[in-house]
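Okay, so the sequence shown: first residue is 30 according to the numbering used here, each after it adds one. All C-beta atoms, glycine included, are put in the ideal place defined by N, C-alpha and C. Take a look at the structure set out below.
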Amino acid sequence: MRRAANPSGFAIDARAAAPPEPARDCPLCPRLVTYRSENAAAFPAYFNGPAPSFGPLTARLLIVGLAPGLHGANRTGRPFTGDYAGDLLYSTLLKFGFATGEYAASSDDGLSLVDAMITNAVRCAPPGNKPTPAEITTCRSFLRERILSLPRLEAIVCLGRIAHESALAALGVKSKAAPFAHGAEHGVAPGLSLFDSYHCSRYNTNTGRLTEAMFDEVFSAVKERLSTGGRISESGDERA
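Here you go:
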């Protein structure tokens with residue numbers, strides 16, 4: 030996996046100027062607020078709110094997904110928890126030492142992330158799992174502040190093109206300087222690499238667009254990159 034040159038002057042050691050997590054009743058995207066209210070009425074036992082980032086604040090790896098699934102993170106309140114994408118993601122994180130415990134598709138299963146945090150480009154579940162460009166842009170401020178809040182961050186894994194483009198915009202990097210491609214690694218800031226992967230959705234795996242071996246290769250490259258930058262931190266599951 031060849032690493033592209035750093036095209037940005039983004040200061041990774043800066044400090045977040047605003048909260049990196051939206052309010053539980055975030056009002057910023059009218060369509061998502063309406064959808065959230067409808068789901069609260071239809072599924073009152075669900076979390077039905079912006080899914081908070083999951084993982085320790087000492088993480089050197091940040092994984093960025095698209096948005097919570099209606100019956101996944103929107104139900105459980107933890108990113109990638111309760112749907113197929115989470116089954117593949119968490120099993121891979123356990124395999125490569127980025128998680129400990131047992132993943133049981135529940136926010137109270139006792140699973141902890143090790144040196145890694147998971148977040149989404151859009152924090153609320155969108156209708157049809159398709160956020161609008163305006164919603165992606167609005168939620169990008171939280172992604173930027175989340176990136177800035179991680180003082181030891183060395184690697185970002187983007188699951189899918191939308192996560193990739195949102196992360197680049199949050200970092201101030203133009204898309205043409207770091208085009209999306211599965212398995213690509215881009216140097217996006219001093220000491221910070223961005224890795225691309227197709228999203229670990231059921232559709233992508235069923236069609237063969239993404240295989241378990243392909244997904245493993247991405248995290249193997251991340252593990253190798255982090256091994257050159259310092260010691261893996263102690264495990265923790267602090268919700269940011």
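With residue i and residue j assumed to form a contact (beta carbons below 8 Å), what rounded beta-carbon distance in angstroms separates them?
i      : j      : result
Pro49  : Ser178 : 5 Å
Val93  : Thr148 : 6 Å
Ile176 : Leu91  : 7 Å
Tyr119 : Leu140 : 7 Å
Ala150 : Ala96  : 7 Å
Asn103 : Ala71  : Between Ala71 and Asn103 the Cβ distance is about 11 Å, and since that is not below 8 Å, they are no contact.
Arg231 : Tyr75  : No, Arg231 and Tyr75 are not in contact; Cβ-Cβ is about 20 Å, not under 8 Å.
Val26  : Val186 : Residue 26 lies beyond the stretch modelled for the chain, which goes from 30 to 269, so this question has no answer here.
His193 : Asp225 : 6 Å
Bridge partners of residue i, per DSSP?
i      : result
Leu61  : Leu61 pairs with nothing; no bridge assigned.
Thr129 : Ser141
Leu221 : Ala218
Inspect the beta-carbon positions of residue i and residue j and report whether they are closer than 9 Å.
i      : j      : result
Gly106 : Gly78  : yes
Ser195 : Leu223 : no
Tyr3   : His215 : Beyond the ends of the chain as shown, which are 30 and 269, falls residue 3; an answer cannot be given.
Cys168 : Pro160 : yes
Leu255 : Glu183 : yes
Gly115 : Ala128 : no
Cys229 : Leu188 : yes
Pro85  : Leu142 : yes
Leu200 : Ala218 : yes
Thr110 : Arg181 : no
Phe83  : Pro108 : yes
Arg65  : Asp144 : no
Asp137 : Gly130 : no
Ala207 : Leu197 : yes
Helix, strand or coil, according to DSSP, for residue i in the structure here?
i      : result
Ile261 : Since pLDDT at Ile261 reaches only 36, below the 50 mark, its modelled position is unreliable, and the value read off the structure follows with that caveat. Residue state, collapsed to three classes: coil.
Gly115 : helix
Thr148 : strand
Leu90  : strand
His215 : strand
Val186 : strand
Asp245 : helix
Phe171 : helix
Ser226 : strand
Leu255 : helix
His100 : coil
Ser178 : coil
Pro48  : coil
Ala250 : helix
Pro208 : coil
Gly106 : coil
Ser135 : coil
Leu19  : With the chain represented from 30 up to 269, any question about residue 19 goes unanswered, as that position is not in the structure.
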